[in-house]
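Mapping of the sequence shown onto the UniProt record's numbering: position 41 corresponds to residue 41, and the numbering continues sequentially without gaps.
Even glycine gets a Cβ: it sits at the ideal position worked out from N, Cα and C.
Below is one structure, written out as structure tokens, with a few remarks after it.
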Amino acid sequence: MSQSSCSSTDEEEARELLIQEKKNQQKRQQRRKEKQPISKDQQDIELACYLQKQEQKSINDRLKADLEFARQLQQQLEQEENNHKNNNGASSSNSFAFYKKSPYEVLEGDLALARQLQLEEEQEYEKKQSSRKSHSPVTTPLTVTAIPDPNNELIDPTPDLHELFLAFDQHYFKGQLASVEVKWSKRMTLCAGICEYQRGGYVVIKLSEPLLKFRSREDMVNTLLHEMIHALLFIQMKISDHDGHGPEFLQHANRINNSAGTNITVYHNFHDEVEHYRTHVWICDGPCRERPPYYGKVSRSMNRPPQKADNWFHEHQITCGGTFTKIAEPEGFKDKKNKMNSKKRSISKITDFFKDWDEEVKIDEGGMTTTMMKKPKRS
Numbered sequence: 001m002s003q004s005s006c007s008s009t010d011e012e013e014a015r016e017l018l019i020q021e022k023k024n025q026q027k028r029q030q031r032r033k034e035k036q037p038i039s040k041d042q043q044d045i046e047l048a049c050y051l052q053k054q055e056q057k058s059i060n061d062r063l064k065a066d067l068e069f070a071r072q073l074q075q076q077l078e079q080e081e082n083n084h085k086n087n088n089g090a091s092s093s094n095s096f097a098f099y100k101k102s103p104y105e106v107l108e109g110d111l112a113l114a115r116q117l118q119l120e121e122e123q124e125y126e127k128k129q130s131s132r133k134s135h136s137p138v139t140t141p142l143t144v145t146a147i148p149d150p151n152n153e154l155i156d157p158t159p160d161l162h163e164l165f166l167a168f169d170q171h172y173f174k175g176q177l178a179s180v181e182v183k184w185s186k187r188m189t190l191c192a193g194i195c196e197y198q199r200g201g202y203v204v205i206k207l208s209e210p211l212l213k214f215r216s217r218e219d220m221v222n223t224l225l226h227e228m229i230h231a232l233l234f235i236q237m238k239i240s241d242h243d244g245h246g247p248e249f250l251q252h253a254n255r256i257n258n259s260a261g262t263n264i265t266v267y268h269n270f271h272d273e274v275e276h277y278r279t280h281v282w283i284c285d286g287p288c289r290e291r292p293p294y295y296g297k298v299s300r301s302m303n304r305p306p307q308k309a310d311n312w313f314h315e316h317q318i319t320c321g322g323t324f325t326k327i328a329e330p331e332g333f334k335d336k337k338n339k340m341n342s343k344k345r346s347i348s349k350i351t352d353f354f355k356d357w358d359e360e361v362k363i364d365e366g367g368m369t370t371t372m373m374k375k376p377k378r379s
């Protein structure tokens, strides 16, 4: 028993010593903290917290004061209303009904009144606009739409080419053809339109003025959009084949046709108009006069006879061997040609000035020999 009691007392003493040591350690740490100076950041944080508490306190105080003041006003209004009721009867209660409304009810009433006034003003404006339209003359603006409409053929049969191009570029090509040039061609008579690709990525769209002036507005729009698709494919994919109407071309053509109701096709050659301008005609005197489909006839829009530069001329010389003779040309073409030739002959040369001068004469002047021309003979 004595041994067990001794061990328990030793444990208790050890615990007390351990507790005392922890307390001493905490005291030492507290002393160290008190000795260490507070950093500037810590001071700023403490100051900010203090100011925030003070500000919140002042806000709460002001709110309490405002609430108390509002209660006092409400009590005064109720008291005045009761006094008027007692003095003037129930009729006077309507004059103070406004003060019973809360601020939110007042705002809702003002908003409803503002909406009503706005609606009345809009109705008045619509009446004025409708009266102006009924009395003003009808004016039709220039339309740049690609949608085929019979009214456009009457309203705007010959639209401006550049305005159409700019409008179509923004609407159907997202402005990707800003660097493309578009213009009319007076000499192009074999096809309605062409897209030319030049060095440096320069693209020019040409439309045939002689062919399209016989056609409708719809044909002009379809031709322009056709060539704009070629220009887009060249800019995006460097496809420079004029006859390249592959899946990329058909995809864009179908996209625009579905959107605008146009009729963009793979080819836009107007055969009747092309034949109308082929007024220079030659015929062969060889066996090919009996062979279809041309029967020895060659028609062209310009005065250029069949020659070696034509890719079919060599084969013709082998299979036929005949010569071509011109049998038709435009009316007044010979007179125009003779007039141009006479203009060429009238141009004088510098040598013509010396035609009537005599031969050269040598003259000695102080041992030096010079050469001069005699004066022209007088007739």
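Nearest-angstrom Cβ-Cβ length linking Ser-208 and Met-188, presumed shorter than 8 angstroms = 4 angstroms
Is the CB-CB distance between Val-180 and Ala-112 below 7 angstroms?
-> no
Report back the beta-carbon spacing between Ile-318 and Trp-282 to the nearest angstrom; my notes put them in contact at under 8 angstroms.
-> So it is not a contact: roughly 19 angstroms between Cβ atoms.
Cα-Cα separation, Phe-168 to Trp-312 = 40 angstroms
For Leu-207, the first and last residue of its enclosing beta strand (DSSP E) = 203-208
Three CB pairs or more closer than 8 angstroms across the region 220-227 and the region 247-266 = yes
CA nearest to the CA of Lys-206, picked from Arg-15, Phe-249, Ala-178 and His-162 | His-162
Would DSSP call Gly-200 helix, strand or coil?
-> helix
Taking the beta strand (DSSP E) that Phe-324 falls in, what are its first and last residues?
-> 324-328
Can you list, in chain order, the residues of its chain whose CB lies under 6 angstroms from that of Asn-257, leaving out five sequence neighbours each side?
-> Ile-264
Under 8 angstroms by Cβ, that's how I've got Gly-322 and Pro-287 pegged, so tell me the actual separation to the nearest angstrom.
-> 7 angstroms
To which residues of the same chain is Glu-16 closer than 8 angstroms at the C-beta, ignoring the five residues directly before and after it?
-> none
Taking DSSP as the reference, what is the three-state secondary structure of Ser-130?
-> helix
Hey, quick one: how far does the alpha helix (DSSP H) through Val-221 stretch, first residue to last?
-> 217-237
Counted within 10 angstroms of its Cβ, other Cβ atoms place Pro-159 as buried (16 or more) or exposed | buried
Ser-259 - DSSP class collapsed to helix/strand/coil | helix
For Tyr-50 and Asn-125, the rounded distance between their alpha carbons = Sequence inspection shows Tyr at residue 125; the Asn mentioned does not correspond to that position. Between Tyr-125 and Tyr-50, the C-alpha separation is close to 59 angstroms.
Expressed to the nearest angstrom, what Euclidean distance is found between the alpha-carbon atoms of Pro-247 and Lys-238?
-> 15 angstroms
Just the Cα atoms here: how many angstroms apart are His-314 and Lys-308?
-> 7 angstroms
Would you kindly work out how many angstroms separate the C-alpha atoms of Gln-236 and Arg-291, rounded to a whole number?
-> 46 angstroms
Which of the three DSSP states, helix, strand or coil, is assigned to Ile-264?
-> coil
Excluding the five sequence neighbours on either side, which residues of its own chain have a C-beta within less than 7 angstroms of the C-beta of Ala-90, listed in chain order?
-> Low per-residue confidence applies at Ala-90: pLDDT is 49, beneath 50, and the placement is therefore not dependable, though the value from the model is reported in the following sentence. Correct list: empty, nothing qualifies.
Grab me the residues of Glu-55's own chain with a C-beta within less than 8 angstroms of its C-beta, minus the 5 sequence neighbours each way, in chain order.
-> none
Provide the residue span of the beta strand (DSSP E) that contains Glu-181, from first to last.
-> 181-185
Can you tell which of Val-204, Leu-164, Phe-234 and Cys-191 has the C-alpha that lies nearest to the C-alpha of Val-221?
-> Leu-164
Local conformation of Lys-297 per DSSP, three classes = strand
Is Val-138 buried or exposed, if buried means 16 or more other CB atoms sit within 10 Å of its CB?
-> Caution applies to Val-138, whose pLDDT of 36 falls short of 50 and renders its modelled position unreliable; the value that the coordinates give is listed next. Looking at its Cβ environment, which holds fewer than 16 other Cβ atoms inside 10 Å, Val-138 is exposed.
Bridge partner(s) assigned by DSSP for residue 381 = Outside the shown range of the chain (1 to 379) lies residue 381, about which nothing can therefore be said.
So the alpha helix (DSSP H) Leu-177 belongs to, where does it begin and stop?
-> It is not in any alpha helix (DSSP H) - Leu-177 carries neither H nor E in the DSSP assignment.
Within 7 angstroms, strictly: CB atoms of Ala-192 and Leu-211 | yes
Distance between Ser-259 and residue 435 (C-alpha atoms, nearest Å) | Examination of residue 435 is not possible in this model, given that the chain is present from 1 through 379 alone.
Residue range of the unbroken alpha helix (DSSP H) whose run includes His-162 = 161-172
Using DSSP with H/G/I as helix, E/B as strand and the rest coil, what is Cys-288?
-> helix
Among Gln-198, Arg-255, Ser-130 and Gln-42, which has the Cα closest to the Cα of Tyr-172?
-> Arg-255
Would you report the Cα separation of Tyr-277 and Lys-174, rounded to the nearest angstrom?
-> At Tyr-277 the pLDDT is 48, less than 50, meaning the model places this residue with poor confidence and gives no usable figure here.
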